[in-house]
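Engineer:
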Amino acid sequence: MPNRLTRIYHDLFSLDIGGTKLAAALVRDGKVTGRNQIPTPGSQKPDQLIAALATLLTPLVPQAKYLAIASTGIIDNGVLTALNPANLGGLNRFELVDEASRISGLPTLAINDAQAAAWAEYKALSGPVQNMAFVTVSTGVGAGIVLNGELQTGPRGIAGHAGHMLADPTGPRCGCGRTGCVEAIASGTAIGKAGQAIFGPDCSGQTLYQHALSGHRDAIAIVDRSARVIANLIADLRISLDLDLIALGGSVGLAEGYLDRVKHHLSTLPATYHTDIISAQCGPDAGLLGAADWAKQQHVS
Ligand SMILES: [Zn+2]
């Protein structure tokens, strides 16, 4: 497979592979058209994912010149590797770029979905910001980092997986196998689990958050712990990378009152740790937009 694309682009074809849905769309001049979405199949065998990709890709291929993919998991030189084996139904080491290229017949590039979203958020900023991170608090906790105006993907595709930095060594075991990751305490999944002791076994992150908004003290404490962990994660990113700004996204990150809680906890730390935090601006198409623009840049540069 070519590492760099070799055609002139008119239409960019973008695909977003998430834990619960697969979305595909054409991207032209930074706008998404022809969006189509299907549920992500849950299977350890690749056949179902290959069939799902074919369903999504085939109708749009005639209009596209190349394919850009944003995907959950680590994209190591085109191979999709699950950091959390529970994601994608346990599917691991999937030849994503080769399979998508074979199905579509298009030159194909792929990056992690939070990395792609970070690039979209960076491009949406106005002003002189060169160093920033996108942090998403949703089903999991993901991040993408831009330094000196360049998206950091890393030689093995790992860069930016800050949801798996340590938050509490005595905390819950994370899906990645480590104990006490940020994701294991702060994610929507984690706060839902924490709420199950109070609100019953069906308590989801969304349910727990609603209880917090209604003023339930124990629910508020769980949400506030999540926000404190995210504030400390942001402080760690700031002190290690000297970032100018953080864009906070995801269903929890954008939920009512959450950003203010994160800002409050960050404000209790010494001033060197402080950085601007804004709400992410690109919405659910951030992965599609970011992957398309990043792939275009790989060609131009
Ligand atoms: Zn982890």
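Going letter by letter, the sequence shown gives residues 19 to 319 in this note's numbering. Heads up, the beta-carbon is just placed ideally off N, CA and C, and yes, glycines get one too. Computed from a predicted structure; not experimentally measured.
Please list the terminal residues of the continuous beta strand (DSSP E) segment that includes Y291.
Structural biologist: Counting from one through the sequence shown, the residue named residue 291 turns up at place 273. No beta strand (DSSP E) contains Y291, which DSSP labels as neither H nor E.
Engineer: Do you know how far the Cα of A245 is from the Cα of L307?
Structural biologist: As a working mapping, residue 307 is identified with position 289 in the sequence shown. As a working mapping, residue 245 is identified with position 227 in the sequence shown. Cα to Cα, L307 sits roughly 27 Å from A245.
Engineer: Return the chain-ordered list of same chain residues with a C-beta closer than 7 Å to the C-beta of T290, the five sequence neighbours on each side being excluded.
Structural biologist: As a working note, residue 290 is residue 272 in the sequence shown. Taken in chain order, the residues that qualify are I257.
Engineer: Using a threshold of 7 Å, is the CB atom of A104 nearer than that to any non-hydrogen atom of ligand 1?
Structural biologist: By one-based count along the sequence shown, residue 104 stands at place 86. A104 Cβ: outside cutoff for every heavy atom of ligand 1.
Engineer: Would A304 and L30 be called neighbours here (beta carbons separated by less than 8 Å)?
Structural biologist: Here residue 304 corresponds to residue number 286 of the sequence shown, with the count starting at 1. Here residue 30 corresponds to residue number 12 of the sequence shown, with the count starting at 1. No. Outside cutoff.
Engineer: Quick one: what does DSSP say T99 is sitting in, helix, strand or coil?
Structural biologist: Numbered from its first residue, the sequence shown carries residue 99 at position 81. Correct three-state label for T99: strand.
Engineer: Can you say whether A208 is buried or exposed, counting buried as having 16 or more other CB atoms within 10 angstroms of its CB?
Structural biologist: Counting from 1 along the sequence shown, the entry for residue 208 is found at position 190. By the neighbour-count rule (16 or more Cβ atoms within 10 Å), A208 is buried.
Engineer: My parser needs the beta strand (DSSP E) runs of 3 or more residues fully inside the segment 63-147; what are they?
Structural biologist: Complete beta strand (DSSP E) runs here, min 3: 84-89, 92-94, 97-99 and 126-130.
Engineer: Whole angstroms are fine: how far does the CA of Q170 sit from the CA of C300?
Structural biologist: Here residue 300 refers to the residue found at position 282 when the sequence shown is read from its first residue. Here residue 170 refers to the residue found at position 152 when the sequence shown is read from its first residue. Each residue's alpha carbon lies about 19 Å from the other.
Engineer: Looking at the structure shown, is A180 part of a helix, part of a strand, or coil, going by DSSP?
Structural biologist: Residue mapping note: residue 180 aligns to position 162 of the sequence shown, counting from 1. In the structure shown, A180 sits in a helix (DSSP, three-state: H, G or I).
Engineer: Would you list, in sequence order, the uninterrupted beta strand (DSSP E) runs of no fewer than 3 residues that lie entirely inside the segment 161-233?
Structural biologist: List check, beta strand (DSSP E) in window: 168-170.
Engineer: What is the DSSP secondary structure of Q55, reduced to helix, strand or coil?
Structural biologist: If you number the sequence shown from 1, residue 55 lands on position 37. Looking at Q55 - three-state DSSP - the assignment turns out to be strand.
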